[in-house]
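Asker:
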Amino acid sequence: MNETRQSLALVCSNFERNTGIIGTIGDEVRPVKFPLVVSTWPFKEAVRAAWRTAESGLSAIDAVVEGCSACELLRCDGTVGPGGSPDENGETTIDAMVMNGVTMEVGAVAAMRYVSDGIKAARLVMQHTEHTLLVGEQASRFAISMGLPGPTNLSSEESIEKWVNWKKNSCQPNFRKNVLPVNDCGPYHLNSSTKLGEKLFSNNERVGLDESRSYHFGLHNHDTIAMAVIDKKGLIAVGTSTNGATFKIPGRVGDGPIAGSSAYADTEVGACGASGDGDIMMRFLPCYQVVESMRLGMEPKLAAEDAIARIARKYPDFVGGVFAVDNNGIHAGACHGWTFQYSVRSPDMADVVVYTVNPVKSTV
617 MNETRQSLAL
627 VCSNFERNTG
637 IIGTIGDEVR
647 PVKFPLVVST
657 WPFKEAVRAA
667 WRTAESGLSA
677 IDAVVEGCSA
687 CELLRCDGTV
697 GPGGSPDENG
707 ETTIDAMVMN
717 GVTMEVGAVA
727 AMRYVSDGIK
737 AARLVMQHTE
747 HTLLVGEQAS
757 RFAISMGLPG
767 PTNLSSEESI
777 EKWVNWKKNS
787 CQPNFRKNVL
797 PVNDCGPYHL
807 NSSTKLGEKL
817 FSNNERVGLD
827 ESRSYHFGLH
837 NHDTIAMAVI
847 DKKGLIAVGT
857 STNGATFKIP
867 GRVGDGPIAG
877 SSAYADTEVG
887 ACGASGDGDI
897 MMRFLPCYQV
907 VESMRLGMEP
917 KLAAEDAIAR
927 IARKYPDFVG
937 GVFAVDNNGI
947 HAGACHGWTF
957 QYSVRSPDMA
967 DVVVYTVNPV
977 KSTV
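Structural data, given as structure tokens:
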């Protein structure tokens with residue numbers, strides 16, 4: 617009798633997940649059925665590419681890679697793929713990550729030079745190495761050795777022009793702190809008259825150093841596409857791609873290639889994608905927090921808001937947003953410091969739908 621009940625429960629569960637006889641719950645939205653694609657920002661062409669792949673019956677991994685690859689090719693908003701976000705030296709580099717929510721395998725590349733196919737390189741790391749993350753020029757060599765095109769100049773006329781203008785503006789703003797010179801391009805060094813750990817500047821010398829980090833991370837420097845796909849079998853994968861923060865210090869790695877920060881997936885629970893000030897957000901692993909909160913029974917909307925609030929309590933000026941989607945397809949978003957948008961495609965939609973999320977009110 618118990619086995620019969622368990623079998624009936626499984627059938628009912630699968631029926632509900634695949635037909636989606638459900639509706640809207642508050643600010644959470646349920647799709648009609650799978651597949652389902654959710655992505656940060658109004659990157660509609662990327663979502664369409666992922667949707668076509670998933671709808672054809674291919675896996676969530678395949679769909680995520682196709683979606684993020686489309687964004688890289690299109691250079692979504694200048695913050696994904698080649699040709700955007702120059703670092704202090706004027707160079708564009710790529711961060712990307714892919715995660716299998718069934719096996720929990722992860723592949724990622726960071727600060728990758730000379731190769732534009734970030735998400736495909738990340739997949740190669742996942743499927744053809746025992747590692748999780750490869751970085752820098754060594755990641756480039758690996759990707760090229762595995763058949764990806766390269767070496768390629770990842771800069772563009774636009775990125776070089778942006779960098780030249782930044783240099784003319786005395787390299788302001790930048791990501792340096794507690795160094796000299798304050799208002800010029802460097803080379804940077806510690807104040808020789810002080811020791812490490814001592815106060816380095818007078819109040820006058822510190823002018824401009826404590827400005828809100830949101831100055832660096834405006835609407836068009838949000839950087840990351842983070843995408844989640846639930847395929848026709850109900851299996852989940854996530855992927856990310858970004859060319860990082862504009863005028864970052866060379867060698868900087870943000871949250872894009874970090875599993876649990878920019879994205880996270882567990883087919884037993886759901887998935888999350890994030891975008892924003894990666895240097896801050898990666899200290900909190902917001903997407904891991906979202907998924908684990910949902911595992912404990914929290915609804916996607918509350919899980920997303922909780923993860924954002926945890927960061928805002930420590931960094932009231934940070935900007936960032938997350939989307940959360942559970943394994944039934946219920947999705948929601950939360951953000952702080954800006955208005956966040958995420959895109960969705962499911963079988964009950966004629967095309968991609970963009971959802972707008974207003975900032976969470978801080979309780980600090």
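First residue of the sequence shown? That's 617 in my numbering, and the numbers climb one at a time after it. C-beta: ideal position from N, C-alpha, C; glycine also.
Just the Cα atoms here: how many angstroms apart are ARG757 and ASN974?
Answerer: When rounded, the distance between both Cα atoms is 42 Å.
Asker: How close, in whole Å, do the beta carbons of ASP733 and GLU688 come, if the pair is a contact with beta carbons under 8 Å?
Answerer: At roughly 7 Å, the Cβ-Cβ gap stays under 8 Å, so ASP733 and GLU688 are in contact.
Asker: Does the stretch 719 to 728 come into contact with the stretch 865 to 873, if we say contact requires no fewer than three beta-carbon pairs (one atom in each stretch) closer than 8 Å?
Answerer: As far as the Cβ criterion goes, the stretch 719 to 728 touches the stretch 865 to 873, which means the pair count is three or higher.
Asker: Buried or exposed: SER761, going by 16 or more other Cβ atoms within 10 Å of its Cβ?
Answerer: Answer is exposed; the Cβ neighbour count stays below 16.
Asker: Would you say TYR958 and SER655 are within 8 Å of each other, going by their C-beta atoms?
Answerer: Result yes, Cβ atoms of TYR958 and SER655 sit closer than 8 Å.
Asker: What number of angstroms, rounded off, separates the C-alpha of LYS848 from the C-alpha of PRO963?
Answerer: In a straight line, the C-alpha of LYS848 is about 11 Å away from that of PRO963.
Asker: Check whether the Cβ atoms of ILE852 and ASN943 sit closer than 8 Å, and answer yes or no.
Answerer: It is a contact, given that the beta carbons lie within the stated cut-off.
Asker: So HIS947 and VAL960 are in contact, right, with Cβ under 8 Å, and what is the actual spacing, rounded?
Answerer: The pair is a contact, with the Cβ atoms about 6 Å apart (cut-off 8 Å).
Asker: May I ask you to report which of helix, strand or coil DSSP gives VAL960?
Answerer: Residue state, collapsed to three classes: strand.
Asker: With distances taken between CB atoms, is the gap from GLY855 to MET965 smaller than 8 Å?
Answerer: Result no, Cβ atoms of GLY855 and MET965 do not sit closer than 8 Å.
Asker: Three or more C-beta pairs closer than 8 Å, one from the stretch 902 to 910 and one from the stretch 870 to 877: is that the case here?
Answerer: Yes, since at least three Cβ pairs between the stretch 902 to 910 and the stretch 870 to 877 fall closer than 8 Å, the two stretches touch.
Asker: Is the stretch 699 to 711 touching the stretch 764 to 778, taking contact as three or more C-beta pairs under 8 Å?
Answerer: Counting Cβ pairs under 8 Å, three or more are found: they touch.
Asker: Tell me the rounded alpha-carbon separation between THR708 and GLY694.
Answerer: Roughly 11 Å between the two C-alpha positions.
Asker: To which residues does DSSP link ALA890 through a beta bridge?
Answerer: Paired residue(s): VAL938.
Asker: Given a threshold of 16 other Cβ atoms within 10 Å of its Cβ, counted over all protein chains shown, does HIS952 qualify as buried or as exposed?
Answerer: Buried, by the Cβ-count rule.
Asker: Whole angstroms is fine: what's the gap from GLY850's alpha carbon to VAL731's?
Answerer: Roughly 32 Å separates the two Cα atoms.
Asker: Could you please give me the residues that DSSP links to VAL653 through a beta bridge?
Answerer: VAL653 pairs with VAL845 and ARG961.
Asker: Going straight from the alpha carbon of LEU912 to that of PHE900, what length do you get?
Answerer: One C-alpha to the other measures close to 18 Å.
Asker: Would you please state the rounded distance, in angstroms, between the beta carbons of ALA940 and MET897? I believe it to be under 8 Å.
Answerer: In fact, because the Cβ distance is near 15 Å, the residues do not count as touching under 8 Å.
Asker: Give me whichever residues DSSP pairs with CYS951 in a beta bridge.
Answerer: Per DSSP, GLY937.
Asker: Just verifying my parser: in three-state terms, what is the DSSP assignment at VAL798?
Answerer: It is coil, neither helix nor strand.
Asker: With a threshold of 16 other CB atoms inside 10 Å of the CB of GLU682, please say whether the residue is buried or exposed.
Answerer: Classification for GLU682: buried.
Asker: For THR840 and GLY872, which I take to be in contact (beta-carbon distance under 8 Å), what is that distance rounded to the nearest angstrom?
Answerer: With a Cβ gap of about 5 Å, THR840 and GLY872 count as contacting.
Asker: State buried or exposed for GLU746, treating a residue as buried only when at least 16 other CB atoms are found within 10 Å of its CB.
Answerer: With fewer than 16 Cβ atoms within 10 Å of its Cβ, GLU746 is classed as exposed.
Asker: From ARG739 to GLY936, what does the alpha carbon distance come to, in whole angstroms?
Answerer: Using only the alpha carbons, I get a separation of about 26 Å.
Asker: Could you give the residue range of the alpha helix (DSSP H) that holds VAL718?
Answerer: Premise fails: VAL718 is in no alpha helix (DSSP H) and is neither H nor E.
Asker: What residues match up with ASP711 in a beta bridge as DSSP calls it?
Answerer: Bridge partners of ASP711: THR858.
Asker: Measuring only from the beta carbon, is GLY860 closer than 7 Å to any heavy atom that is part of the ligand FMN?
Answerer: In terms of ligand content, the structure shown is empty, and the ligand FMN therefore cannot be addressed.
Asker: Can you give, in chain order, each stretch of the alpha helix (DSSP H) that sits fully within the stretch 660 to 698 and has at least 4 residues?
Answerer: Within the stretch 660 to 698, the complete alpha helix (DSSP H) runs of at least 4 residues are 660 to 671 and 676 to 690.
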